[in-house]
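Structure, as structure tokens:
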Amino acid sequence: MVALLTLVALVVAGIVALYAVSSALRSTRELALVLPYESGLLPQQHAVSRYHARWYAITVLFLAFDMEMIFMYPWAVVVADMGAKAVVEMFGFLAVLLVGVTYVWREGALRWT
Amino acid sequence: MPEQTLAEAWGLAPAVLGVVAIGLVLGLVVAGVDRAVVSGAPRTAVEPIRSSARLLVEQRRTTLAPDRLLWRLGCAAVPALALLSLAVVPIGGRTLWSTSADLVWFNAMEALLWAAVWLVGWGPNAVHALTGGYRFLAQGLAYELPLMFALITAGLAAGSLRTTDILAAQQDLWFVVTMPVAFVVFVGSAAAFAFWGPFAAPTAADIAGGVTSELSGVDRLLVEAGRAVFLGATAAMAAALFLGGGSGPWLPGPLWHLVKTLAVVAALVWAGRRIPLLRPDRTVEVGWTVLVPLTLLQALVVAVLVLNGFYA
Amino acid sequence: MDLIARLRAWALARPRVLLVDVPGGVTLRWSVEAELDRRGWRLAVSPADADLLVVLGKPGPELAAAVEVLWSQIPEPRYRVDVPGEGAVAVDLDAGVDALARRAASGVGGDDRPSPASLLGKDGDADDEGMDHGGGHEGMDHGGGHEGMDHGGGHEGMDHGGGHEGMDHGGGHEGMDHGGGHEGMDHGGGHEGMDHGGGHEGHHMHHGGEVAGLPMASTGSDRDGLELDVLKVSLGPVLPGWPTGLVLRADLQGDVLASSELAWLDAGILPAASPPPEAQRAALDRLARFLDVAGWPSAARDARRARDGLAAHGPGHGGAQRLAETVARRVRRSRTLSWTAGGIGQIATERGSGEDVLARVRRWCDIASGQPVDDRPATSLAEVAALLEGAEIGSARLIVASLDLAPVPAAPAPEHAHA
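Residue numbers (full-length UniProt numbering), protein chains in the order written: chain E, 1 to 113; chain A, 1 to 312; chain H, 1 to 419.
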């Protein structure tokens, strides 16, 4: 744990040092205040808008599997001790989730353009 | 605990400095090989050093009404996460930090990258960057689960999530022999989360560099370096998880691990630069309908082998 | 101190180049790209990525205004090179990289950079003020900056001095003054955009005012019937792999384009279509630009090198021909490309089945490898705009890159003459 915290500290210090080195090397410390690049034209509106992520349905599916991973990590460690029962239960559970994937795929939610 | 961590073996300061230095060198190697392959001239392999210097002397930019705090935080997080993921990558057969959940740590660093890259895209209040940030999330939905299943497969065979245990379990047989799918998926996912090569849609030229389109100077350097270090770290991890790490005849262990890591980097760059960009909106479907079942099947095969005492 | 100067010069010895090729001068772009490849200088994909702004040919007033905006977005050290013709490409680029190193050493800050507010024409004062202000800046920047920095001697007369100032800024200012602030220039265009935005907002009664001189996005219902933000965007005139001078104005909902409109900048004064250069080299060039957009840099590099090699006569020619055939075969046979770019941008033909992006690219591959292929009728901008309706932004870029869009003078007569 100490080693990890030291690593974190060193990484942060390294990034700060990089900024310092850069500020010593570059010709101007002033930040260039510019318009966002819009192919040479002027932006007409602020780009940070409510972006329609049309793949939101997949994120829900993803969450189901992400939760499943929480079980799968400890499961991987105990398979050898628990025997066939553990494997059957885990892959039975995964099979249920895969039925969900099949349904979502048939509904066409995996392709959104 | 029979195993020593890197910090116990080398002393705290040398170990930590060593990990950071190895991460940076690996990143430079990845960038150099990539540059040479893309330009078709081997002598350009040193150009990444010049590019880094160029970014250090370049002025930084800020855009109109940016979300500056989150933007800079995202930029700094990319290399930080890459270097932190190296804490559980074995160097000379030892990791800097050894817990019962090393694989989860590696996975977590990569998962936090979702937030970091999205923030880099969100921050500058620019349409191309924003589009790139969302492309990364969409791409993440495609590669994340296959990546996790590939990781878990290695852990499953070793009966442990500790990297050094996984190394020890490969004394007789490298895992790549019984889990080739997991190996390929893991290396491919590395390209995807480093948004490099065929998975570079978040920074593609069609959206003017996407998440990096408004970055200049040291901010850009951080993101570019983070990508390269992540690729290097993952290649080293792939060599450890699937190619037996330091095991091999004649040469000393660390050298073997280095050779295998370089081989993974070379293979990845060579293969990755032979194909065009894969659009995330088409990759997601393949990720879910092909890669998820395939990696689960791989995990099932390995689980059955574990039950039969194949790896014991 | 000397060490830092040398480090800067070394770091900037291979600058990134943002290329603006004025429509009509395609062979000039080829020779500049060949020279950049020879030097190992890479092309920038956005102003943030660039050190040198290289303008090829004489931009019309609207494109010149866009170039000014791009110039304002490039971080220091930066330098603008105007290449009027093929004669002195190498000399101009050398001058550019020297000036870049000097600029880095001189410690020029961003003080000569117009503020976003003045570019948007929102300087707080009346609009005229803002324009004059912007004008003053520009004049100072280029007139002063250029002359002061690199044209010490005879070089001046040769390319920059007269040509640059005379054409670019003289013309630009005139357009601005007489255009009434709405038609011609930088600010004209901006205002139009703004008015548009304002009108939209008023209609929806959604967002109150402006933040930092720009309105927020307004809302509209998307194709799923959800009321979500609609962002007004423009693609072009200067975008990697995009026909320079072409502007796509559209609404972006998420990553989907709606109500696309396409137009050429400076449409009234576009040069008559230049006689097409050798078909094979032109096809290789189009292929390279498509491959840039499709994210296949190694294939794009080979296509460019084949294009440049075919110009030479002698022993190099055969090698270039082989390279052209190799890259054409590679692109034609790529399963990945057919999977990622297939099925989009179908144009209906008389024979029924539509020709998609992939079919068009494969036709180029045939021409690129030297096979004779019959001409296809040019696609009009209205047809392209219809293709882009509802396309994801990446598909839209592939569709545009797969078409041979060249500015046609406004009058329909030349089109007939061509056919």
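No residue lacks a Cβ here, since even glycine has one placed at the ideal position from N, Cα and C.
Relative to the alpha-carbon of residue i, which residue among the options has its alpha-carbon at the smallest distance?
i               : options                        : result
P43 of chain E  : H:E33, H:R307, H:A66, H:V54    : H:A66
T219 of chain H : H:D366, H:A258, H:R329, H:L323 : H:A258
V78 of chain E  : A:L291, A:V211, A:S160         : A:S160
F242 of chain A : A:G197, A:A9, A:T178, A:S189   : A:T178
G272 of chain A : A:D34, A:L6, A:E8              : A:D34
V26 of chain H  : H:A48, H:R16, H:E86            : H:E86
A312 of chain A : E:G14, E:Q45, E:A80, E:A13     : E:A80
G245 of chain H : H:L93, H:I269, H:V361          : H:I269
L93 of chain H  : H:P243, H:R307, H:W41, H:G370  : H:W41
G246 of chain A : A:P14, A:T95, A:V37            : A:T95
Quick one: grab the DSSP three-state call for residue i.
i               : result
A217 of chain H : coil
I91 of chain A  : strand
G199 of chain H : Annotation note: pLDDT 36 at G199 of chain H (below 50); position unreliable, coordinate value reported separately. G199 of chain H falls in the helix class under three-state DSSP.
V60 of chain E  : helix
R61 of chain A  : strand
V369 of chain H : The question names Val, but residue 369 of chain H in the sequence shown is Ser. Of the three classes helix, strand and coil, the one that applies to S369 of chain H here is coil, per DSSP.
E389 of chain H : coil
L403 of chain H : coil
M176 of chain H : For M176 of chain H, the pLDDT reaches just 37, beneath the cut-off of 50, and the residue's location in the model is therefore unreliable, although a value from the coordinates is still provided. Residue state, collapsed to three classes: helix.
E33 of chain H  : helix
E68 of chain H  : helix
V361 of chain H : helix
M131 of chain H : Only weak support is given to the placement of M131 of chain H: the predicted model assigns it a pLDDT of 37, under 50, and the value that follows is read from those uncertain coordinates. M131 of chain H falls in the helix class under three-state DSSP.
With which residues is residue i paired in a DSSP beta bridge?
i               : result
Y79 of chain H  : H:L52
S85 of chain A  : Answer is none; S85 of chain A lacks a bridge partner.
W264 of chain H : H:L246
L252 of chain H : H:L231, H:L257
D21 of chain H  : H:L56
A32 of chain E  : A:R61
I347 of chain H : H:E355
E210 of chain H : H:P215
L43 of chain H  : H:V17
Taking the beta carbon of residue i as the centre, do at least 16 other beta carbons fall within 10 Å, making it buried, or is it exposed?
i               : result
Q171 of chain A : exposed
M148 of chain A : buried
G40 of chain A  : exposed
V284 of chain A : buried
P215 of chain H : buried
I166 of chain A : buried
I367 of chain H : buried
H317 of chain H : exposed
Y56 of chain E  : exposed
P66 of chain A  : buried
A312 of chain H : exposed
P237 of chain H : buried
R72 of chain A  : buried
A5 of chain H   : exposed
Q45 of chain E  : buried
With 8 Å as the threshold, decide whether the Cβ of residue i is near any Cβ in chain A.
i               : result
D98 of chain H  : no
T244 of chain H : no
V17 of chain H  : no
I399 of chain H : no
D404 of chain H : no
A17 of chain E  : no
G83 of chain E  : yes
Return no unless some Cβ of chain H is closer than 8 Å to the Cβ of residue i.
i               : result
T28 of chain E  : yes
Y51 of chain E  : yes
T113 of chain E : yes
R50 of chain A  : yes
A20 of chain E  : no
S39 of chain E  : yes
A225 of chain A : no
L17 of chain A  : no
Answer with yes or no whether the minimum CB distance from residue i to chain E is below 8 Å.
i               : result
W122 of chain A : yes
A217 of chain H : yes
L7 of chain H   : yes
Q59 of chain A  : yes
T178 of chain A : no
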